[in-house]
Each structure stands twice: as C-alpha cells, then as structure tokens.
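With UniProt numbering, you'll find the sequence shown wraps up at 126, consecutive numbering, no jumps.
Note that the Cβ used here is the ideal one computed from N, Cα and C, for glycine as well.
Quick notes on the structure that follows.
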Amino acid sequence: MERITGKTFCYVSIFLIVLLLFSITTFAATSSATKKVGDSSATGSVIYATGGYAELRADVNGGTGTGYAELWESKSWWPDEELYDINVNASNKPAANIDYYLTRNNGYYVKATGDTSINHTAKLID
C-alpha cells in the first residue's frame, strides 16, 4: 500500500476546497435590488439557475406608493426578456412572493421599479 505524499495531499485539499466553494456559490444564488425613495428603478446582479423553482419576492421598506419586483431573463444576443412581475403597495400590500420555474444554466436577474415615493426590495432566491 502506497503512502500519500504531502504534494498529493495538497492537490487533493485544493481540489476539495474549490469544489466546496463552487457548490456554495452555485446553490445559494440570490439576485437582489433595492429601489430607494427618489429613484425610478434598481437592478440586481445576474445569477445562473440550477434548475427548478426559485422565489421571487418584493418587500416594502418605507415610503408611499406602489412598487414592482420584475423577473428578467438575461440573453446574450437578444434583448433581455421580462418574464414576470409582482407588485407591493405601502398602504395595504407590504410584501408579496411567488415561485417561478427557472431553466438550468440560464441567467436571471431582478429589477425593483415603481413610484419614486416608495422604497422597496426585489429579490430572486434560487
């Protein structure tokens, strides 16, 4: 039986660390955008889906008026496409969410839009 050398152990350790970091970033992807009072919109970063359902949610943080959490699909050679939106209202609907099916390896992001008088967050949790 051969002994494991220090060099081999080092390579295996590095491989396992990289694999662990990749797994964490792949399975814990979130796109988030917070629109402040006075702004017309905010855009989150693109995440790549693992396939399956993800939660699209909107939460009012303050202000007055109506805001929207928009789900967008990022496309390389075509204009991005809005897939779905949900709305929130500062006076009677401070939070909303829905599950939406995301195709594996496609890029998605959220936009927070709405009245300039509302502060709200749009979030996509894959």
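* To do: Taking only runs that begin and end inside the segment 21 to 97, name each unbroken beta strand (DSSP E) of 3 or more residues, in chain order.
  => 30 to 35, 41 to 43, 52 to 63, 66 to 74 and 81 to 89
* Measure the alpha-carbon distance for A90 versus G62 and round it to whole angstroms. => 7 Å
* **Proximal residues to N119 (C-beta, below 6 Å), its chain only, five neighbours per side dropped** => Within the same chain, N119 has close Cβ partners K36, V37, N61, G62 and G63.
* Asked: Which residues bound the beta strand (DSSP E) around T121?
  -> Where T121 is concerned, the enclosing beta strand (DSSP E) stretches over I118 to I125.
* **Contact under 8 Å by Cβ, G114 with G67** => The Cβ atoms of G114 and G67 sit closer than 8 Å to each other.
* **Residues bridged to T113 [DSSP beta-bridge criterion]** => S41 and Y68.
* For T121 and residue 127, believed in contact at Cβ under 8 Å, the rounded distance -> Lying outside 1 to 126, the shown extent of the chain, residue 127 is not represented and no answer is given.
* With distances taken Cα to Cα, identify the nearest neighbour of S41 among E70, I17 and L124. => Distance check between S41 and each of E70, I17 and L124 places E70 closest, using alpha-carbon atoms only.
* To do: Would you tell me roughly how many angstroms separate the C-alpha atoms of G86 and S13, rounded to the nearest one?
  => According to the sequence displayed, residue 86 carries Ile and not Gly. The straight-line gap from Cα to Cα measures roughly 45 Å.
* **I17 burial status per 10 Å Cβ neighbour count (16 or more: buried)** => exposed
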